[in-house]
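From first to last, the protein sequence lines stand for chains L and A. Residues are numbered in the numbering used here as their position in the first sequence, beginning at 1, plus a constant of 233. Residues are numbered in the numbering used here as their position in the second sequence, beginning at 1, plus a constant of 233. For each residue, glycine too, the CB sits at the ideal point set by N, CA and C. On a predicted model such as this, the values are computed, not experimentally measured, just so you know.
2 protein chains.
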Amino acid sequence: MRLRMEKFIKEQQKEIVKVLEQIDGKKFRVDEWQRKEGGGGITCVLQDGNVFEKAGVGVSVVYGTLGQAGIKSMRVNHKSLGGDAVPDSLAFFAAGLSLIVHAKNPMVPTVHLNYRYFETANPDGTSSAWWFGGGSDLTPNYLFDEDAIHFHKTLKDVCDKHNKDYYPRFKKWCDEYFYNKHRSESRGLGGIFFDDLDAAVCDKENTFSFIQDGLKAFLPSYVPIVNKRKDMAFTEAERQWQQVRRGRYVEFNLVHDRGTAFGLNTPGPRVEAILMSLPLTASWRYMHEVGPRSREQRLVDVLKTPKQWV
Amino acid sequence: MRLRMEKFIKEQQKEIVKVLEQIDGKKFRVDEWQRKEGGGGITCVLQDGNVFEKAGVGVSVVYGTLGQAGIKSMRVNHKSLGGDAVPDSLAFFAAGLSLIVHAKNPMVPTVHLNYRYFETANPDGTSSAWWFGGGSDLTPNYLFDEDAIHFHKTLKDVCDKHNKDYYPRFKKWCDEYFYNKHRSESRGLGGIFFDDLDAAVCDKENTFSFIQDGLKAFLPSYVPIVNKRKDMAFTEAERQWQQVRRGRYVEFNLVHDRGTAFGLNTPGPRVEAILMSLPLTASWRYMHEVGPRSREQRLVDVLKTPKQWV
Chain L
234 MRLRMEKFIK
244 EQQKEIVKVL
254 EQIDGKKFRV
264 DEWQRKEGGG
274 GITCVLQDGN
284 VFEKAGVGVS
294 VVYGTLGQAG
304 IKSMRVNHKS
314 LGGDAVPDSL
324 AFFAAGLSLI
334 VHAKNPMVPT
344 VHLNYRYFET
354 ANPDGTSSAW
364 WFGGGSDLTP
374 NYLFDEDAIH
384 FHKTLKDVCD
394 KHNKDYYPRF
404 KKWCDEYFYN
414 KHRSESRGLG
424 GIFFDDLDAA
434 VCDKENTFSF
444 IQDGLKAFLP
454 SYVPIVNKRK
464 DMAFTEAERQ
474 WQQVRRGRYV
484 EFNLVHDRGT
494 AFGLNTPGPR
504 VEAILMSLPL
514 TASWRYMHEV
524 GPRSREQRLV
534 DVLKTPKQWV
Chain A
234 MRLRMEKFIK
244 EQQKEIVKVL
254 EQIDGKKFRV
264 DEWQRKEGGG
274 GITCVLQDGN
284 VFEKAGVGVS
294 VVYGTLGQAG
304 IKSMRVNHKS
314 LGGDAVPDSL
324 AFFAAGLSLI
334 VHAKNPMVPT
344 VHLNYRYFET
354 ANPDGTSSAW
364 WFGGGSDLTP
374 NYLFDEDAIH
384 FHKTLKDVCD
394 KHNKDYYPRF
404 KKWCDEYFYN
414 KHRSESRGLG
424 GIFFDDLDAA
434 VCDKENTFSF
444 IQDGLKAFLP
454 SYVPIVNKRK
464 DMAFTEAERQ
474 WQQVRRGRYV
484 EFNLVHDRGT
494 AFGLNTPGPR
504 VEAILMSLPL
514 TASWRYMHEV
524 GPRSREQRLV
534 DVLKTPKQWV
């Protein structure tokens, strides 16, 4: 599974980069890197493009030993890790693909996706656990209901094909996770999020097949939205609202996102890869207000009260 | 002392606002606010001015009950709080002035300052402890040695007048506190920072006098630098470097600053007042590089290895 997952995410990275380059007309920069403690990855970033302000598609395949702090941090999302007591250390393997796309046009939503496979091993080398996690979520500056419905419907179709419980459960988890608690508002319109598909609840082959379908659904979930919105006219005020929303995105990623905090607090972090998720530009306007019946307020209303889109 | 501190910081707020308005030509917006649980404050912000991109000067005078989480969080900087065991709750009073100035011209450094007075009370109403904390630090995008020397010398003179140990101790504390650990670099050129001036180490009257001198030194420490740099010519590349440095400032405030984290995680935070410290605009450029002998690199070198300026 380790090799199959690695092969799959590397193929997908190439495919996604190729399609995004076709849309933008500009090429991604490709950085291959090694991790001193074991493994490495490939980070692809397109910055200041024609359509995309910043698009990052990263693959990492890393392994090594997880200390107690790392085990505890992983347990937040995956409760059964390491058994009842927290062991002193665990050997681990992790392979994942992460991507984020911030577009220039304020009418194009930001999208984020991550799919990952974990394995841990006992001190004697036998496998102790495996699990898959992942998800994908959409963060617009302006709400187009049809885009939200298209995005969620694409994800729901993938989920339903594998398990009718997945979409409602993972949609709820996503709404709860991507929440800017200090603002009492969601980061965006959600999607799906999960971190618990393991031997206790599912068959490994079927789950890998679900993960593959989920990742392959990215381009059909997002590309039609980009094509519909990327050439829409916008005003300077709409661009400013986009910048304020980008600020909220930064707040979530730096204040609340456990993955980012975990990465930055690891000794010798590859900061540029972790923070490729941050937008090229963002703004914080003191007491920024929007009109009571404006399109901006309509978005905020939905962020305060998540909707069922499908 | 509660009333004297409140009176003093409110006078200083007026004075600082007046001087910054004279420099900028634009007026501050003034918001008075009440805190449901006790107390309130005045937040003054000048945004998108002629000289200042964002300047915020806030006073808060709040009181109430601190739970265990709050006590533990305050103990990080003030170890003796609440005695040997952590009590379930403590009545507290806190009065402070915070300010931050981000200027438009990349040659003008950002400055941050905070002076505060705390008091806690036992359940029977008797005073359990008091202490003062504070400090001020400078964050340039381009290094002008004479500015760094002027800023530090002004602070050192104030410190030396009261206690010869203060400047070396508080300078070191500042370098250690305002440190972007994940980048292995300081936020800026430092200044002074302290949170432990209490009955165990000092006389209350003398300490209040030190706090007053520290706050009154703000305008002489910063205004001459603004006047010298605000009309300097700069290039688009220098403006971009300023935006990248602003991004690092955001990273410190949202990832590492305990005051911000404490504020945002308090129930019902006044988010706009807490986050007035964030710049109007910031940027994250993937793998942003600067020339090996450039002025940008010279700043980074000093951020990696803090200097003794006086």
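Checklist entry - residue 494 of chain A lies in the alpha helix (DSSP H); which residues open and close that run? => result Counting from one through the second sequence, the residue named residue 494 of chain A turns up at place 261. Bounds of the alpha helix (DSSP H) holding residue 494 of chain A are 491 to 498.
Checklist entry - According to DSSP, which residues form a beta bridge with residue 353 of chain L? => result The residue labelled residue 353 of chain L in the question sits at position 120 within the first sequence. Residue 353 of chain L pairs with L/325, L/362.
Checklist entry - Which one of L/481, L/420, L/242, L/366 has the shortest CA to CA distance from residue 539 of chain L? => result Within the first sequence, numbered from 1, the residue matching residue 539 of chain L stands at position 306. That would be L/420, whose Cα lies nearest to the Cα of residue 539 of chain L.
Item to check | When A/425, A/520, A/435, A/461 are compared against residue 451 of chain A, the one with the closest alpha-carbon | outcome: For the purposes of this step, residue 451 of chain A is identified with residue 218 of the second sequence, where counting begins at 1. Nearest option by C-alpha distance: A/425.
Checklist entry - Do residue 358 of chain A and residue 322 of chain A have their C-beta atoms closer together than 8 angstroms? => result Taking the first residue of the second sequence as 1, we reach residue 358 of chain A at position 125. Taking the first residue of the second sequence as 1, we reach residue 322 of chain A at position 89. No; because the gap between Cβ atoms is not below 8 angstroms, this pair is not in contact.
Checklist entry - DSSP on residue 475 of chain L, reduced to helix/strand/coil? => result Mapped onto the first sequence, residue 475 of chain L falls at position 242. Reduced to three states, the DSSP call for residue 475 of chain L is helix.
Checklist entry - Are residue 469 of chain L and residue 339 of chain L close, meaning C-beta to C-beta below 8 angstroms? => result On the first sequence, position 236 is the one that residue 469 of chain L refers to. On the first sequence, position 106 is the one that residue 339 of chain L refers to. Going by C-beta atoms, residue 469 of chain L is not nearer than 8 angstroms to residue 339 of chain L.
Checklist entry - Taking a cut of 8 angstroms between CB atoms, which residues from the segment 470 to 491 of chain A lie near chain L? => result Those residues of the segment 470 to 491 of chain A that come within reach of chain L (Cβ to Cβ, closer than 8 angstroms) are 476, 480, 483, 484, 487, 488.
Checklist entry - alpha helix (DSSP H) containing residue 461 of chain L: first to last residue? => result Taking the first residue of the first sequence as 1, we reach residue 461 of chain L at position 228. Annotation: the continuous alpha helix (DSSP H) that includes residue 461 of chain L extends over 451 to 462.
Checklist entry - Which residues of chain L have a Cβ atom closer than 8 angstroms to the Cβ of residue 519 of chain A, listed in chain order? => result For the purposes of this step, residue 519 of chain A is taken as residue 286 along the second sequence, with counting starting at 1. Under the 8 angstroms cutoff, chain L gives 262, 278, 280, 287, 289, 505, 509.
Checklist entry - What does a CB cutoff of less than 6 angstroms around residue 327 of chain A pick up in its chain, not counting 5 residues either side in sequence? => result One-based indexing of the second sequence puts residue 327 of chain A at position 94. Excluding residues up to 5 positions away in sequence, 295, 351 lie with their Cβ nearer than 6 angstroms to the Cβ of residue 327 of chain A in the same chain.
Item to check | chain L residues whose Cβ lies nearer than 9 angstroms to that of residue 345 of chain A | outcome: Here residue 345 of chain A refers to the residue found at position 112 of the second sequence. By Cβ distance, chain L contributes nothing, its closest Cβ being about 15 angstroms from residue 345 of chain A, past 9 angstroms.
Checklist entry - Going by the C-beta, is residue 373 of chain L closer than 7 angstroms to any heavy atom of the ligand MN? => result Here there are no bound small molecules, and the ligand MN is not part of this structure.
Next on the checklist: Can you look up residue 406 of chain L in the DSSP assignment and give me helix, strand or coil?
Outcome noted: Reading the first sequence from its first residue, position 173 is the one you call residue 406 of chain L. In this structure, residue 406 of chain L counts as helix in the three-state DSSP scheme.
Checklist entry - If residue 476 of chain L sits next to residue 433 of chain L, beta carbons under 8 angstroms apart, how far is it from one beta carbon to the other, in whole angstroms? => result Translated into the one-based positions of the first sequence, residue 476 of chain L becomes position 243. Translated into the one-based positions of the first sequence, residue 433 of chain L becomes position 200. Between the beta-carbon of residue 476 of chain L and that of residue 433 of chain L there is about 44 angstroms, and that puts the pair past the 8 angstroms contact cut.
Next on the checklist: For residue 484 of chain A, which residues in the same chain have their Cβ closer than 8 angstroms to its Cβ, ignoring the five residues on either side in sequence?
Outcome noted: Translated into the one-based positions of the second sequence, residue 484 of chain A becomes position 251. For residue 484 of chain A, where only same-chain residues beyond five positions count, the Cβ hits under 8 angstroms are 413, 415, 416.
Checklist entry - According to the Cβ coordinates, are residue 482 of chain A and residue 372 of chain A closer than 8 angstroms? => result Stepping through the second sequence from its first residue, residue 482 of chain A is reached at position 249. Stepping through the second sequence from its first residue, residue 372 of chain A is reached at position 139. Yes, the Cβ-Cβ distance between residue 482 of chain A and residue 372 of chain A is below 8 angstroms.
Next on the checklist: Please state whether the Cβ-Cβ distance between residue 342 of chain L and residue 390 of chain L is less than 8 angstroms.
Outcome noted: Start at 1 with the first residue of the first sequence, and residue 342 of chain L comes out as number 109. Start at 1 with the first residue of the first sequence, and residue 390 of chain L comes out as number 157. No, these two residues do not count as a Cβ contact at 8 angstroms.
Checklist entry - When we look at the beta-carbon of residue 453 of chain A and count the other beta-carbons within 10 Å, is it buried (16 or more) or exposed? => result The residue labelled residue 453 of chain A in the question sits at position 220 within the second sequence. Residue 453 of chain A is exposed by the Cβ-count criterion.
Checklist entry - Where do the ends of the beta strand (DSSP E) carrying residue 285 of chain A lie? => result What you label residue 285 of chain A is simply residue 52 of the second sequence in a count that begins at 1. Residue 285 of chain A -> beta strand (DSSP E) spans 285 to 299.
Checklist entry - Does DSSP classify residue 431 of chain L as helix, strand or coil? => result In the first sequence, counting from the first residue as 1, residue 431 of chain L sits at position 198. Looking at residue 431 of chain L - three-state DSSP - the assignment turns out to be strand.
Checklist entry - So is residue 460 of chain A buried or exposed if we call it buried at 16+ other beta carbons inside 10 Å? => result As a position in the second sequence, residue 460 of chain A is number 227, starting the count at 1. Burial call: exposed.
Checklist entry - Taking C-beta to C-beta, are residue 366 of chain L and residue 325 of chain L nearer than 8 angstroms? => result Against the first sequence, residue 366 of chain L aligns to sequence position 133. Against the first sequence, residue 325 of chain L aligns to sequence position 92. With respect to residue 325 of chain L, residue 366 of chain L sits apart: the two C-beta atoms are not nearer than 8 angstroms.
Checklist entry - How many Å lie between residue 255 of chain A and residue 491 of chain L at the Cα? => result By one-based count along the second sequence, residue 255 of chain A stands at place 22. By one-based count along the first sequence, residue 491 of chain L stands at place 258. Approximately 44 angstroms, taken between the alpha carbons.
Checklist entry - Would you say residue 432 of chain A faces chain L, with C-beta separation under 8 angstroms as the test? => result Position 199 of the second sequence, counted from the first residue, corresponds to residue 432 of chain A. Residue 432 of chain A does not count as touching chain L.
Checklist entry - Can you find a CB in chain A that lies within less than 8 angstroms of the CB of residue 306 of chain L? => result Locating residue 306 of chain L in the first sequence gives position 73, where the first residue counts as 1. Answer no: the Cβ-Cβ gap between residue 306 of chain L and chain A never drops below 8 angstroms.
Checklist entry - chain L beta carbons: is any one of them nearer than 8 angstroms to that of residue 349 of chain A? => result On the second sequence, position 116 is the one that residue 349 of chain A refers to. For residue 349 of chain A, the closest Cβ of chain L is not nearer than 8 angstroms.
Next on the checklist: Could you check whether the Cβ of residue 415 of chain L sits closer than 8 angstroms to any Cβ belonging to chain A?
Outcome noted: For the purposes of this step, residue 415 of chain L is taken as residue 182 along the first sequence, with counting starting at 1. Answer yes: the Cβ-Cβ gap between residue 415 of chain L and chain A drops below 8 angstroms somewhere.
Checklist entry - Using a Cβ-Cβ distance under 8 angstroms, would residue 512 of chain L count as near chain A? => result Walking along the first sequence from the start, residue 512 of chain L turns up at place 279. It does: the Cβ of residue 512 of chain L has a partner Cβ on chain A nearer than 8 angstroms.
Checklist entry - So what does DSSP say about residue 438 of chain A, is it helix, strand or coil? => result Taking the first residue of the second sequence as 1, we reach residue 438 of chain A at position 205. DSSP places residue 438 of chain A in helix when its eight states are reduced to three.
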